[in-house]
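These protein sequence lines are chains F and Z, in that order.
First residue of the first sequence: 2, per the working numbering; consecutive thereafter.
First residue of the second sequence: 606, per the working numbering; consecutive thereafter.
Heads up, the thing below is written out as structure tokens.
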Amino acid sequence: MLRYALRRIFGVVPTLFIIIALSFFVIRLAPGGPFDEEQTLPPEVKANLEAAYGLDKPLPEQFVRYLGGLAQGDFGPSYKFKDFTVTELIAQGLPVSLMLGLSAVLLALLVGIPLGTLAALRQNSPTDYGIMAVAVLGIALPSFVTGPLFALIFGLHLRWFPVAGWEAGEYRYLVLPVITLSLPVIAYIARLTRGSLLEVLRTNFVRTARAKGLPERQVILRHALRPALLPVVSYLGPATAFVITGSLVVETVFGLPGSGRYLVQGAINRDYTLVMGMIVVYGGLTLTLNLLADLLYGWLDPRVRYD
Amino acid sequence: MTELAQPSARGFWADAWRRLRRNRAAMVSASLIVVISLLAFIGPSFSPHSFDAIDWDHMAVPPGGPNDHWLGTDRLGRDLYVRTLAGVQISLQIGLLATLVSLCIGVAFGATAGYLGGRIDNLMMRFVDILYSLPYIFIVIILSTLFDRGNILVLFLAIGAVGWLTMARIVRGQTLSIKRKEFIEAALASGVGTGSILARHIVPNVIGPVIIYATLTIPQMILFESFLSFLGLGVQEPQASLGSLINEGAQEMESAVWMLLVPAGFLVTLLTCFNFLGDGLRDALDPRER
Numbered sequence: 002m003l004r005y006a007l008r009r010i011f012g013v014v015p016t017l018f019i020i021i022a023l024s025f026f027v028i029r030l031a032p033g034g035p036f037d038e039e040q041t042l043p044p045e046v047k048a049n050l051e052a053a054y055g056l057d058k059p060l061p062e063q064f065v066r067y068l069g070g071l072a073q074g075d076f077g078p079s080y081k082f083k084d085f086t087v088t089e090l091i092a093q094g095l096p097v098s099l100m101l102g103l104s105a106v107l108l109a110l111l112v113g114i115p116l117g118t119l120a121a122l123r124q125n126s127p128t129d130y131g132i133m134a135v136a137v138l139g140i141a142l143p144s145f146v147t148g149p150l151f152a153l154i155f156g157l158h159l160r161w162f163p164v165a166g167w168e169a170g171e172y173r174y175l176v177l178p179v180i181t182l183s184l185p186v187i188a189y190i191a192r193l194t195r196g197s198l199l200e201v202l203r204t205n206f207v208r209t210a211r212a213k214g215l216p217e218r219q220v221i222l223r224h225a226l227r228p229a230l231l232p233v234v235s236y237l238g239p240a241t242a243f244v245i246t247g248s249l250v251v252e253t254v255f256g257l258p259g260s261g262r263y264l265v266q267g268a269i270n271r272d273y274t275l276v277m278g279m280i281v282v283y284g285g286l287t288l289t290l291n292l293l294a295d296l297l298y299g300w301l302d303p304r305v306r307y308d
Numbered sequence: 606m607t608e609l610a611q612p613s614a615r616g617f618w619a620d621a622w623r624r625l626r627r628n629r630a631a632m633v634s635a636s637l638i639v640v641i642s643l644l645a646f647i648g649p650s651f652s653p654h655s656f657d658a659i660d661w662d663h664m665a666v667p668p669g670g671p672n673d674h675w676l677g678t679d680r681l682g683r684d685l686y687v688r689t690l691a692g693v694q695i696s697l698q699i700g701l702l703a704t705l706v707s708l709c710i711g712v713a714f715g716a717t718a719g720y721l722g723g724r725i726d727n728l729m730m731r732f733v734d735i736l737y738s739l740p741y742i743f744i745v746i747i748l749s750t751l752f753d754r755g756n757i758l759v760l761f762l763a764i765g766a767v768g769w770l771t772m773a774r775i776v777r778g779q780t781l782s783i784k785r786k787e788f789i790e791a792a793l794a795s796g797v798g799t800g801s802i803l804a805r806h807i808v809p810n811v812i813g814p815v816i817i818y819a820t821l822t823i824p825q826m827i828l829f830e831s832f833l834s835f836l837g838l839g840v841q842e843p844q845a846s847l848g849s850l851i852n853e854g855a856q857e858m859e860s861a862v863w864m865l866l867v868p869a870g871f872l873v874t875l876l877t878c879f880n881f882l883g884d885g886l887r888d889a890l891d892p893r894e895r
């Protein structure tokens, strides 16, 4: 187990390096630069600007410099938000994004697992069909549709929650964004739980547990649900990636000061360092969370082999 | 190949078709997709308005008013019926195009990796793993910086070109499971080259799962296009996309809720239909269900 864990942990480093290298060179190959779109600058001024940011050096040299900076936690200056470094911008937004994402995953687990369990226990009943129909909708509806709709219904009409904004992180500002973000994850977890619980309920050890007279409650909670939740654990990795992606939209829709919007703004402005910084941070985050989910799975399921 | 695969009187495909026809959700979805597609490509010609014409007398009018803007107009007085259908057109075209690209690359890549095996397989699938570990939308956003904004066709060729990862994995798995079968051995023994074995014997036999996954890829690609356009990275003004229309509608929803509901309704219907159809196809074609 330990050797497996170490090997997996060291496996992340080259993957991250390849991602950084690929995106660095792809972004630099793109036509146009960060200083193109303002009023046309005199060529001398543009040349000076590019020299000041080291953009006149050959690409490999820029890449080595960038890596050197990264090693010290320096993501370089932002070309568009002139008074900030990329590190500062991301450090400002990341806590909001993380809180949003973590709450969404947590909510999804808390709601999705019971819903899936209920559907499995009442298989082929109206309850089951109802939950699964809602789950299909939850998966099919993109967050940029549900977000505005929730804001419209619960914010504008019912006035239960604020439509947008972020008053120093008050919880009621998080409610609608978190629900929007977690809805597809809830749906997916409910489907996973239902499917695997149905399979487990047909196994011999569940029959044994029932045969020895355990109360149904205990059969489900202690015996059936544990192995049935393993697929949910392995879904946690993709779920975090999904939540990170979704936060780009949700932060835009609800006007939250998270870091997700920087990826989009950076891409629109061709702000190389900002886009790169976001890819490094979010890429690293995704890799780490995927790794954690895998290790957790290995720890929970003794059948997993490490070779 | 289909003739060989049907020992029973009723063939595999006839069987699958029969099962699919019995699935009411899938059939309703399929007909809705046909209706919406026809509407998207023929519908705009019935309206007297064009997608970018500004009607100064009818700005932000709701649907059903005493005018010929059947689904209302936007803030600039452009006809929402025509704009939404133009968006549906773009969605459908891009969904099909990107799926086709990802299908070709994914099948070729997966079949090659699975059939050759060994170190080449390892290397190829490692590459897929690395791309997989990054959220897909990141790759798309990196790519979107590569092209001039508005050049949506090139962008989506590129998106299709990275959307093949899952397809490659599925095809590789299928290839692994059939490459030791007797008919491959027979082909090898009669001196057929690697390329021909891949094209004539492997690919036709993995087509079932490929079809299922392709149907489920179309809504994903439609979703990506709307997602990018919603964020302002995709289709640009005055062109309309469901994503950009939803974005505009979301900004106006306090005073003009139809601007959000019309494009959102079309997008949701399309996505749901494709998902139901894909699920139905999977149930119809999955041999484990037989």
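Glycine included, C-beta positions come from ideal geometry on N, C-alpha and C.
Who are the near neighbours of residue i in its chain, counting only those whose CB is closer than 7 angstroms to its CB and skipping five residues on each side?
i: GLY813/Z; result: LEU890
i: GLU894/Z; result: Residue placement at GLU894/Z cannot be trusted, given a pLDDT of 43 that sits under 50; what the coordinates show is reported in the next sentence. Excluding sequence neighbours, GLU894/Z sits near ASP888.
i: VAL179/F; result: LEU101, SER104, ALA105, LEU108
i: VAL234/F; result: ALA294, LEU297, TYR298, LEU301
i: PRO232/F; result: LEU193, SER197
i: ILE931/Z; result: No information on residue 931/Z is available, as it lies outside the stretch 606 to 895 that chain Z covers here.
i: GLY711/Z; result: TRP769, MET772, ALA773, VAL776
Is DSSP giving residue i helix, strand or coil here?
i: THR204/F; result: coil
i: ASP684/Z; result: strand
i: LEU296/F; result: helix
i: PRO78/F; result: strand
i: ALA120/F; result: helix
i: LYS784/Z; result: coil
i: ILE280/F; result: helix
i: GLN841/Z; result: coil
i: TRP661/Z; result: coil
i: MET133/F; result: helix
i: GLU859/Z; result: coil
i: TYR54/F; result: coil
i: LYS213/F; result: coil
i: ILE20/F; result: helix
i: VAL759/Z; result: helix
i: TYR172/F; result: coil
i: MET772/Z; result: helix
i: MET730/Z; result: helix
Counting only C-beta atoms, is residue i closer than 8 angstroms to chain F at any point?
i: ILE710/Z; result: no
i: LEU685/Z; result: no
i: VAL862/Z; result: yes
i: PHE832/Z; result: yes
i: SER696/Z; result: no
i: ILE647/Z; result: no
i: SER738/Z; result: yes
i: ILE816/Z; result: no
i: VAL840/Z; result: no
i: GLN611/Z; result: For GLN611/Z, the pLDDT reaches just 48, beneath the cut-off of 50, and the residue's location in the model is therefore unreliable, although a value from the coordinates is still provided. Not one chain F Cβ lies under 8 angstroms of GLN611/Z.
i: PHE871/Z; result: no
i: MET664/Z; result: no
i: LEU850/Z; result: no
i: ARG887/Z; result: no
i: LEU751/Z; result: yes
Less than 8 angstroms between C-beta atoms, sequence neighbours within five positions excluded: which residues of the same chain meet that for residue i?
i: MET864/Z; result: ALA665, GLY677, ASP679, ARG680, LEU685, LEU850, GLU853, GLY854, GLU857, MET858
i: GLU217/F; result: ARG211
What residues match up with residue i in a beta bridge as DSSP calls it?
i: THR678/Z; result: ASP684/Z
i: THR86/F; result: PRO78/F
Are any of the Cβ atoms in chain Z nearer than 8 angstroms to that of residue i?
i: THR181/F; result: no
i: PRO149/F; result: yes
i: ARG271/F; result: yes
i: GLY299/F; result: no
i: PRO185/F; result: no
i: PHE82/F; result: no
i: GLU228/F; result: At residue 228/F the sequence reads Pro, which differs from the Glu that was named. Output row for PRO228/F: interface = no.
i: PHE145/F; result: yes
i: ARG9/F; result: no
i: LEU157/F; result: yes
i: LEU71/F; result: no
Pop quiz: residue i and residue j are said to be a contact at Cβ under 8 angstroms. What is the actual Cβ separation, rounded to whole angstroms?
i: GLY715/Z; j: VAL776/Z; result: 3 angstroms
i: ILE114/F; j: LEU275/F; result: With 8 angstroms as the limit, ILE114/F and LEU275/F do not qualify as a contact, their Cβ atoms being about 38 angstroms apart.
i: THR253/F; j: PRO740/Z; result: In fact, because the Cβ distance is near 16 angstroms, the residues do not count as touching under 8 angstroms.
Tell me which same chain residues have a C-beta within less than 6 angstroms of the C-beta of residue i, skipping the five on either side of it?
i: GLY117/F; result: ALA191, THR194, ARG195
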